Each structure stands twice: as structure tokens, then as C-alpha cells.
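In the UniProt record's numbering, the protein residues as written are 1 to 129.
Written out as C-alpha cells, the structure reads:
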């Protein structure tokens, strides 16, 4: 199947450098692998049902979304144990240490991804009971 994507030039250039450095045969192979990893990440998150210990990390443009992000975090106080925040120029990096129902951690992850000012959200499940 042929398809097209609208991706910033800088991202494509960096992606091309990475797959070439890894020695992959072509961009199509690299995209397939990246898509498979995305699907696996989604599946792992969707499979969370029991209590978990997890780290949810995300970066965002502070001035665009800070109020809304704090609102979301307050809604998930039942699973957020601790937060850490650091500034990286115009971007902020935040980590949320979570413990509780896997469904709530999954919901939190998806809520954080809803904001245009949030760049990436990564969830690492440390322990699923």
C-alpha cells in the first residue's frame, strides 16, 4: 500500500539519519518498524486492567497548556503519587509517578495526549500486579 504523510522536514531528516545509522535497507522498512512499535505500545496500554506502578513522562510548551494540564492531573490524584517538573528552554518535561488502577493510568495517558501543546507522552509500566 502506498500512502503519504505530512511530516515536518526536520523530523524526516532526523528519522532518515537514524534508520541509515542503524543500517536498515530503506525508509519503508523503518516506518513499518516504527508503526509496529506504536501498535505494541498501544496494545500494552490497552491491556492494563490490574493495579500498576508506572511512570508517565511528557513534554510540553508551558505557556500553551499549563493550566489545563494541572486540571487533568488533579482529576487523577487517586493514581498520581508524585510529580517532577523541569524546564528545557521553552519546553517543560514532567514525570508522573503513578500507582493504582491500570484503567486510570491509561485514561491519564490518553488525556495528556489530547493537548496540542503536549509533544509526546510515554508510559512505562514498572510493575503490573
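Built from N, CA and C at the ideal position, the CB exists for glycine as well. Since the structure is predicted, the reported quantities are computational estimates derived from the model, not experimental observations.
Taking residue 94 as part of the beta strand (DSSP E), name the residues at either end of that continuous run. 91-101
For residue 90, count neighbouring Cβ atoms within 10 angstroms of its own Cβ and tell me buried if that reaches 16, exposed if not. exposed
Could you compute how far the alpha carbon of residue 28 sits from the alpha carbon of residue 1? A straight line joining the alpha-carbon of residue 28 with that of residue 1 spans about 11 Å.
Determine the DSSP secondary structure at residue 109, reduced to helix, strand or coil. helix
Which residues DSSP lists as bridging residue 83, in chain order: 96
Contact between the region 105-123 and the region 52-67 is defined here as three or more beta-carbon pairs at a separation below 8 Å; is this criterion met? The region 52-67 and the region 105-123 touch, with three or more beta-carbon pairs separated by less than 8 Å.
Could you tell me which of 9, 15, 31 sits nearest to residue 3, measuring between CA atoms? 31
Below 8 Å on the Cβ atoms is my contact criterion, and I expect residue 54 with residue 124 to pass it. Report the Cβ-Cβ distance as a whole number of Å. Right, the Cβ-Cβ distance comes to about 6 Å (below 8 Å), so this counts as a contact.
Identify, in the order they occur along the chain, each residue of the same chain with its Cβ nearer than 8 Å to the Cβ of residue 79, setting aside the five sequence neighbours on each side. Excluding sequence positions up to five before and after residue 79, its CB lies within less than 8 Å of the CB of 98, 99, 100, 101, 104, 105, 108, all in the same chain and listed in chain order.
Expressed to the nearest angstrom, what Euclidean distance is found between the alpha-carbon atoms of residue 83 and residue 38? A straight-line Cα-Cα distance of about 25 Å links residue 83 and residue 38.
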